[in-house]
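Report on one structure; see the data block that follows.
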Amino acid sequence: MRLLLLSLLLLLAACQPSTTPNADKHLGEVHFTVTGNEEALPHFQEGLLLLHSFEYEDARKAFLRAQEADPGMAMAYWGETMTYNHPLWRSQTLEDGQAALRKLAPSPDERQAKAANELEKDFLAAVDLLYTTDEATKAERDQAYADHLAGMYERYPGNQEVAAFYALSLLGAVPVGRDEEAYEHGARIAQGIIAENPNHPGALHYLIHSYDDPEHAQLALSAANSYSEVAPDAAHALHMPSHIYVAMGMWDEVVRSNIASFDASVKRMRRLDLTDNARSYHALHWLMYGRLQQGRFADAKDLMHDLLDYTQEEPDRGARSYIVSMKGNYLVDSEDWGDTAMTHMTTDLSDLNISKRAIFHFTRGWRAYLDGDAEQLSAVIADMARERKSAANRVTIEGLPMCNAAGSSRDQPNQLDIDQAHVMALQLEAMLADLQDDSARADALLRESTELESS
23 MRLLLLSLLL LLAACQPSTT PNADKHLGEV HFTVTGNEEA LPHFQEGLLL LHSFEYEDAR
83 KAFLRAQEAD PGMAMAYWGE TMTYNHPLWR SQTLEDGQAA LRKLAPSPDE RQAKAANELE
143 KDFLAAVDLL YTTDEATKAE RDQAYADHLA GMYERYPGNQ EVAAFYALSL LGAVPVGRDE
203 EAYEHGARIA QGIIAENPNH PGALHYLIHS YDDPEHAQLA LSAANSYSEV APDAAHALHM
263 PSHIYVAMGM WDEVVRSNIA SFDASVKRMR RLDLTDNARS YHALHWLMYG RLQQGRFADA
323 KDLMHDLLDY TQEEPDRGAR SYIVSMKGNY LVDSEDWGDT AMTHMTTDLS DLNISKRAIF
383 HFTRGWRAYL DGDAEQLSAV IADMARERKS AANRVTIEGL PMCNAAGSSR DQPNQLDIDQ
443 AHVMALQLEA MLADLQDDSA RADALLREST ELESS
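Residue numbers 23 to 477, in the numbering used here, belong to the letters of the sequence shown in order.
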């Protein structure tokens with residue numbers, strides 16, 4: 023075992039001779055010291071870079087290759103465990119993360135003994151906090167993790183990886199919505215890293231998330247423009263700048279970003295011989311939204327039909343979620359309600375998140391409103407109320423799903439999902455009041471909807 027400095031210059035790697043597994047990948051640059059053998063280190067490097075760009079599946083594979091090359095490399099198990107926690111998606115696969123930790127050693131104390139130095143011990147202690155179930159809720163574990171990283175940030179000044187994961191932990195510890203103080207703190211940390219290392223994928227990524235709203239987006243425009251150039255082989259890095267571009271109404275850039283992101287996902291799908299579900303439907307959705315904002319409705323409809331073609335053989339839950347969302351966006355923004363094939367398109371909703379089912383019903387309700395069908399609109403509103411009540415029964419008082427023994431899944435409801443469904447229901451109720459010539463009630467319901475959406 024030798025201690026080697028992981029100084030990645032992958033942005034330039036294609037121009038330099040190299041025998042490492044990631045020499046032809048452009049994922050950014052980090053400077054981090056871990057303990058491992060020469061065969062394992064490049065795999066760890068690749069996993070770390072992918073982790074910063076939320077390419078969790080590919081990062082996990084890289085960390086597993088590092089474990090295979092060096093079974094005693096403690097940080098490779100840390101890396102795998104980190105891929106099961108998705109802080110900004112409010113999701114965690116608890117059992118898989120715990121299993122990854124147990125591969126290193128059965129208990130936290132035994133895992134500490136496997137670490138080569140104090141920094142590695144600290145990282146392992148931090149990830150243990152994320153996966154300890156002793157009466158701790160997901161929100162409590164997230165906060166404990168962030169608090170531990172705050173201490174590491176003080177103990178290891180100048181360590182860019184400590185700083186990057188601390189910045190991310192601050193954002194991840196916010197249960198719902200935007201906490202101004204936490205997000206500004208995270209942004210300042212990310213900016214400090216970028217000042218030293220402008221090619222750090224995590225710092226660029228987390229700065230974008232810190233300023234991902236219309237009021238602050240301008241502050242992350244430079245990071246957005248850089249991120250896709252720094253890590254062009256990460257599909258998510260190509261997509262993320264469009265969060266800032268949407269907030270600033272830069273529709274041409276939104277389209278370009280998501281064409282690039284979708285194309286990168288297709289390249290990966292073909293390289294790894296994956297199914298159509300490896301395509302980035304998320305990027306396809308944002309691309310369609312950009313086309314709608316450009317007024318290119320025919321192009322947007324073509325993208326909807328592309329999605330249906332891609333998902334025809336494997337309409338899994340994720341694919342069906344995007345079918346619902348993209349259909350809703352298309353009909354509402356294009357006002358192409360005369361397309362009966364589109365308006366009457368159905369899909370299996372049974373296992374979809376309440377927010378997706380609400381979009382489906384909202385589209386039904388809007389069509390009923392346009393048809394002047396108060397009876398049908400009332401029935402849709404009643405359906406939404408029943409589904410919201412059912413979803414609310416599966417959410418804890420902290421607004422996180424009750425599943426996976428205190429973990430969470432993006433397809434399970436959280437309070438934000440339920441609130442979003444309620445916003446749509448209030449808007450439909452306002453439409454119903456309008457059909458009933460009750461303009462005062464319609465106005466009151468729309469104000470209530472706006473206040474809830476802004477809260």
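Note that the Cβ used here is the ideal one computed from N, Cα and C, for glycine as well.
By the criterion of at least three beta-carbon pairs nearer than 8 Å, the region 117-130 is not in contact with the region 196-213. Burial of E77 is indicated by the presence of at least 16 other C-beta atoms within 10 angstroms of its C-beta. Relative to the Cα of M95, the nearest Cα in the group A259, H222, A137 and M270 belongs to A137. A straight line joining the alpha-carbon of L141 with that of Y167 spans about 15 Å. Shown here, R87 sits in a helix according to DSSP, grouped into three states. Where V196 is concerned, there is no enclosing alpha helix (DSSP H), because DSSP gives it neither an H nor an E.
Of the candidates A300, P130 and L399, L399 places its Cα closest to the Cα of Q458. The beta carbon of M174 sits closer than 6 Å to those of D144 and V184, all from its chain and outside the five residues before and after it, given in chain order. Straight across, the Cα-Cα distance linking G194 with A462 is about 40 Å. Check the Cα spacing between F384 and each of N415, A286 and A452: the tightest is with A452.
Close CB contacts of R389 within its chain, under the 7 Å cut and outside five residues either way in sequence, are with W359 and T365 (chain order). Under the DSSP assignment, L468 falls in the alpha helix (DSSP H) whose first and last residues are S461 to S476. With a threshold of 16 other beta carbon atoms within 10 Å, H265 meets it and is buried. About 3 Å separates the beta carbons of G50 and P223, which is inside the 8 Å limit, making them a contact pair.
Around the C-beta of K411, fewer than 16 other C-beta atoms lie within 10 Å, and the residue is accordingly described as exposed. L448 sits close to S471, with the two beta carbons spaced by under 7 Å. In its chain, beyond the 5 residues on either side, G208, I211, A212 and Y228 have a beta carbon closer than 6 Å to the beta carbon of A189. Contact check between the region 276-296 and the region 245-258: three or more CB pairs, one atom from each, fall below 8 Å, which counts as touching.
Taking the Cβ atoms as the reference, H307 lies roughly 12 Å from Y332, outside the contact range of under 8 Å. In the DSSP assignment, Y228 falls within the alpha helix (DSSP H) that extends over P223 to S232. Nearest Cα to R301 within the set A148, I281, G312 and F319: I281. The continuous alpha helix (DSSP H) containing S248 extends over residues L243 to V252. Looking only at D370, L353 and A414, the smallest Cα-Cα distance to L392 is reached by L353. For G317, there is no enclosing alpha helix (DSSP H), since its DSSP letter is neither H nor E. Distance check between G101 and each of R112, A88, W111 and S113 places A88 closest, using alpha-carbon atoms only. Non-local beta-carbon contacts of D298 in its own chain, meaning distances under 6 Å to residues more than five positions away in sequence, involve Y332 in chain order. In this structure, R82 sits near T105, with a CB-CB distance shorter than 7 Å. Here DSSP, grouped into helix, strand and coil, assigns E157 to coil.
DSSP places L73 within a helical segment (H, G or I) once states are collapsed to three.
Selection R408, M97, P197 and E275 evaluated against A148 yields M97 as nearest (Cα-Cα).
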